[in-house]
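**Q** Counting in the working numbering, the sequence shown runs from 173 upward without gaps.
Just so it is clear, CB atoms sit at the ideal spot from N, CA and C, and this is done for glycine as well.
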Amino acid sequence: MRYLPLTDADRRAMLQAIGVGSLDSLYRDVPEGVRLKAPVELPRHMGELEVEREFQAFASGNLGTASVPSFLGAGAYRHHIPASVDHLIQRGEFLTSYTPYQPEVSQGTLQYLFEFQTQVALITGMEVANASMYDGASASAEAVAMANRVTQRKKAILSGGLHPHYREICVTRGRWGDFETVLAAPDPRGGEELASMIDDKTSCVVVASPSFFGHLRDYTALANACHAKGALLVVAVAEVVSLGLVKPPGEMGADIVAAEGQSIGIPLSFGGPYLGLFAAREKFVRQMPGRLCGETVDAEGRRGWVLTLSTREQHIRREKATSNICTNSSLCALAFTIHLSLLGEAGLTRLAALNHANAVELAERLAAVKGVEVLNKAFFNEVTLKLPRPAAEVVEALAARRILGGVPLSRFYPDSPALADLMLVAATEMNTQGEIEALAEALEEVL
173 MRYLPLTDAD
183 RRAMLQAIGV
193 GSLDSLYRDV
203 PEGVRLKAPV
213 ELPRHMGELE
223 VEREFQAFAS
233 GNLGTASVPS
243 FLGAGAYRHH
253 IPASVDHLIQ
263 RGEFLTSYTP
273 YQPEVSQGTL
283 QYLFEFQTQV
293 ALITGMEVAN
303 ASMYDGASAS
313 AEAVAMANRV
323 TQRKKAILSG
333 GLHPHYREIC
343 VTRGRWGDFE
353 TVLAAPDPRG
363 GEELASMIDD
373 KTSCVVVASP
383 SFFGHLRDYT
393 ALANACHAKG
403 ALLVVAVAEV
413 VSLGLVKPPG
423 EMGADIVAAE
433 GQSIGIPLSF
443 GGPYLGLFAA
453 REKFVRQMPG
463 RLCGETVDAE
473 GRRGWVLTLS
483 TREQHIRREK
493 ATSNICTNSS
503 LCALAFTIHL
513 SLLGEAGLTR
523 LAALNHANAV
533 ELAERLAAVK
543 GVEVLNKAFF
553 NEVTLKLPRP
563 AAEVVEALAA
573 RRILGGVPLS
583 RFYPDSPALA
593 DLMLVAATEM
603 NTQGEIEALA
613 EALEEVL
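This is the structure in structure tokens:
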């Protein structure tokens with residue numbers, strides 16, 4: 173199909189066909205006061221080559237994570253993706269399939285989603301997992317909605333260590349979904365106590381592991397406190413590689429796990445598309461959002477895969493649906509499944525160990541910089557630094573030295589002056605000792 177601008181003759185013919193005298197007549201219902209008086213100031217049309225050059229020049233203004241040392245984290249992490257992942261996701265039996273309503277023509281999609289569910293259940297320590305969701309933030313909001321259905325209550329307590337974006341999505345869902353969200357204060361030092369906030373109206377407590385500030389905690393006691401009050405514990409995981417090394421939420425007593433799968437097989441891509449992981453206890457399976465793929469046999473006894481549960485608005489009446497999520501991040505789920513299959517259990521553990529080792533080296537080196545305090549006692553691959561001046565200024569100064577040194581917390585908490593001097597820094601397997609030393613030296617200069 174051609175993509176060419178319309179000529180004046182084309183426009184006249186189209187207007188004549190619909191019986192309109194002029195282009196302006198098409199907008200007669202738009203109030204005069206909100207119409208533009210002149211064309212928008214945009215470049216005039218150009219040839220394809222000129223457009224490519226324009227956008228290349230525009231993109232060159234970005235300081236990308238692939239071109240300079242990067243210690244960015246805060247919910248999106250730079251990890252190595254094997255070339256085989258991008259190759260395999262393009263195979264026709266995967267790439268050309270979409271929603272598997274007809275299992276006889278969607279066995280490739282159904283099989284990898286079945287394997288994906290198995291992987292998610294294994295790494296989270298849970299009993300069942302669904303066939304993916306949009307991202308970690310929306311998965312967390314779906315977890316709260318599910319907890320409300322299970323407990324028949326409408327009050328969720330959100331940890332101060334939960335990612336701010338996750339909290340915002342939950343609050344928005346609560347506003348329009350008619351449930352209450354209680355927000356604990358931001359917890360940069362990792363010492364919050366949530367058990368005392370649980371009452372007989374609480375449906376769930378939502379915590380993060382690791383927390384947004386990088387802290388690691390065992391939530392077993394909190395899970396017991398939730399269950400004693402008839403509430404559920406929801407654990408959100410923004411850095412899924414941590415599950416290769418850290419005690420999984422299922423072993424802490426979590427009832428629902430919502431996670432972001434971006435770290436395995438999915439590039440940063442300036443913020444998306446990403447991948448939501450969702451797992452729960454088997455007794456709650458019929459309250460899970462999205463859909464669940466299952467294994468079966470056909471009339472001839474051959475193994476096959478089908479949609480076992482799909483309690484979505486597309487399939488049943490709205491009032492009985494567990495969610496209005498109408499698709500899944502299927503291609504991202506495929507990339508996740510392939511990458512995790514290539515790693516295997518030993519590979520995931522080794523990858524997680526590399527991340528933690530680099531983060532330990534980073535934390536120790538930066539703690540030696542005069543004026544810098546590391547707030548974390550236990551962490552995976554990300555820590556919070558307290559600096560002697562506003563972190564946003566420091567980040568800009570580091571960027572001027574071509575180092576993406578971290579994320580200022582003022583970006584997430586602009587109305588909290590007490591957090592203005594805090595900065596998140598993350599280290600993955602992608603960071604070298606030389607890059608860590610370069611960041612430390614640049615930080616010494618800046619401070």
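So, helix, strand or coil for Phe456, using DSSP?
**A** In this structure, Phe456 counts as helix in the three-state DSSP scheme.
**Q** Within 10 angstroms of the Cβ of Gly422, are there 16 or more other Cβ atoms? Answer buried if so, exposed if not.
**A** Classification of Gly422: buried, given that the 10 Å Cβ count is 16 or more.
**Q** Can you round the beta-carbon distance between Leu404 and Ala319 to whole angstroms, since I take them to be within the 8 Å contact cut?
**A** The Cβ separation is near 5 Å, so the contact holds.
**Q** Taking 7 Å as the limit between beta carbons, can you name the residues of its chain near Pro358, skipping five residues before and five after?
**A** Answer for Pro358: Gly332, Tyr585, Ser588 and Leu591, listed in chain order.
**Q** For Gly476, list the residues DSSP reports as bridge partners.
**A** Answer is Thr468, bridged to Gly476.
**Q** Which word fits His259, buried or exposed, when buried means at least 16 other C-beta atoms lie within 10 angstroms of its C-beta?
**A** Under this definition His259 is an exposed residue.
**Q** How long is the line joining the alpha carbons of Glu616 and Lys542, rounded to whole angstroms?
**A** The alpha-carbon atoms of Glu616 and Lys542 are separated by roughly 7 Å.
**Q** Run through DSSP, which three-state label would Met298 get?
**A** The answer is coil: DSSP assigns Met298 none of H, G, I, E or B.
**Q** Could you check the C-alpha separation between Gly444 and Ala431 for me, to the nearest Å?
**A** In a straight line, the C-alpha of Gly444 is about 15 Å away from that of Ala431.
**Q** Just to confirm, are Ser582 and Ala569 a CB contact at a threshold of 8 Å?
**A** Not a contact, by the Cβ cut-off of 8 Å.
**Q** Measuring alpha carbon to alpha carbon, tell me which of Glu607, His511, Arg573 and Ser482 ends up nearest Asn302.
**A** Comparing Cα positions, the closest option is Ser482.
**Q** With DSSP as the reference, label Val192 as helix, strand or coil.
**A** Coil at Val192, not helix or strand.
**Q** Let's see if you can read the secondary structure: which residues bound the alpha helix (DSSP H) around Met318?
**A** Segment Gly308 to Thr323, the alpha helix (DSSP H) holding Met318.
**Q** In this structure, does DSSP put Leu591 in helix, strand or coil?
**A** Helix at Leu591.
**Q** Within a Cβ cutoff of 7 Å, which residues of the same chain sit near Ala395, ignoring the five residues on either side of it in sequence?
**A** Excluding positions up to five away in sequence, the list reads Leu405, Met424, Gly425 and Ala426.
**Q** Residues in the same chain with beta-carbon distance under 7 Å from Arg325, minus the five sequence neighbours each way, listed in chain order, please.
**A** Cβ within range, chain order: Lys373, Thr374 and Ser375.
**Q** What would DSSP say about Thr556, mapped onto helix, strand or coil?
**A** Residue state, collapsed to three classes: strand.
**Q** Verify whether the separation of the beta carbon atoms of Glu454 and Val300 is less than 8 Å.
**A** Yes; because the gap between Cβ atoms is below 8 Å, this pair is in contact.
**Q** For Met173, which residues in the same chain have their Cβ closer than 6 Å to its Cβ, ignoring the five residues on either side in sequence?
**A** Because the pLDDT of Met173 is 43, which lies under 50, any placement of that residue in the model is unreliable, and the number read from its coordinates should be weighed accordingly. Closer than 6 Å at Cβ, skipping near neighbours: no residue.
**Q** Can you tell me whether DSSP reads Ala293 as helix, strand or coil?
**A** DSSP places Ala293 in helix when its eight states are reduced to three.
**Q** For Gly578, is the classification buried or exposed, using 16 other Cβ atoms within 10 angstroms of its Cβ as the cut-off for buried?
**A** Per the 10 Å Cβ criterion, buried.
**Q** For Gly346, which residues from the same chain have a beta carbon less than 6 Å from its beta carbon, with the 5 sequence-adjacent residues on both sides left out?
**A** Result list for Gly346: Thr353, in chain order.
**Q** Is it buried or exposed for His252, if we count other Cβ within 10 angstroms and need 16 for buried?
**A** Exposed is the call here.
**Q** According to the Cβ coordinates, are Gln274 and Trp477 closer than 8 Å?
**A** Against a cut-off of 8 Å, the Cβ pair of Trp477 and Gln274 comes out as no contact.
**Q** Of all the alpha helix (DSSP H) runs that stay within the bounds of the stretch 362–429, which reach a length of 4 or more residues?
**A** List check, alpha helix (DSSP H) in window: 392–400 and 421–424.
**Q** In terms of residue numbering, what span does the alpha helix (DSSP H) encompassing Thr509 cover?
**A** Its alpha helix (DSSP H) spans residues Ser502 to Ala539.
**Q** Whose CA, out of His335, Lys327 and Ala248, lies closest to the CA of Asp350?
**A** Comparing Cα-Cα distances from Asp350 to each of His335, Lys327 and Ala248, the minimum goes to Lys327.
**Q** To the nearest whole angstrom, what separates the beta carbons of Phe552 and Ser414, a pair I think is in contact under 8 Å?
**A** Contact flag correct, Cβ pair sits at about 4 Å.
**Q** For Glu213 and Glu226, what's the separation of their Cα atoms in angstroms?
**A** If I take the Cα positions, the gap works out to 16 Å.
**Q** For the structure I just gave you, are there three or more beta carbon pairs, one from the stretch 240–248 and one from the stretch 596–613, closer than 8 Å?
**A** Taking 8 Å as the limit for Cβ pairs, the verdict is that the stretch 596–613 does touch the stretch 240–248.
**Q** Who are Phe551's beta bridge partners in DSSP?
**A** DSSP output for Phe551 lists His387 as bridge partner(s).
**Q** Out of Ile428, Arg522, Ala614 and Ile370, which one is the CA nearest neighbour of Ala572?
**A** Checked all of Ile428, Arg522, Ala614 and Ile370; the closest Cα to Ala572 is Ala614.
**Q** Starting from Ala344, trace the beta strand (DSSP E) both ways and give me its first and last residue.
**A** Before going on, a small fix: residue 344 reads as Thr here, not Ala. Careful: Thr344 lies outside any beta strand (DSSP E), inside the alpha helix (DSSP H) at Pro336 to Gly349.
**Q** Could you please give the first and the last residue of the uninterrupted beta strand (DSSP E) stretch that includes Leu330?
**A** Unbroken beta strand (DSSP E) run through Leu330: Lys327 to Leu330.
**Q** For the beta strand (DSSP E) containing Leu615, list its first residue and its last residue.
**A** Where Leu615 is concerned, there is no enclosing beta strand (DSSP E), although the alpha helix (DSSP H) it sits in stretches over Gln605 to Val618.
**Q** Quick one: using the 10 Å Cβ neighbour count with 16 as the cut-off for buried, is Val206 buried or exposed?
**A** With fewer than 16 Cβ atoms within 10 Å of its Cβ, Val206 is classed as exposed.
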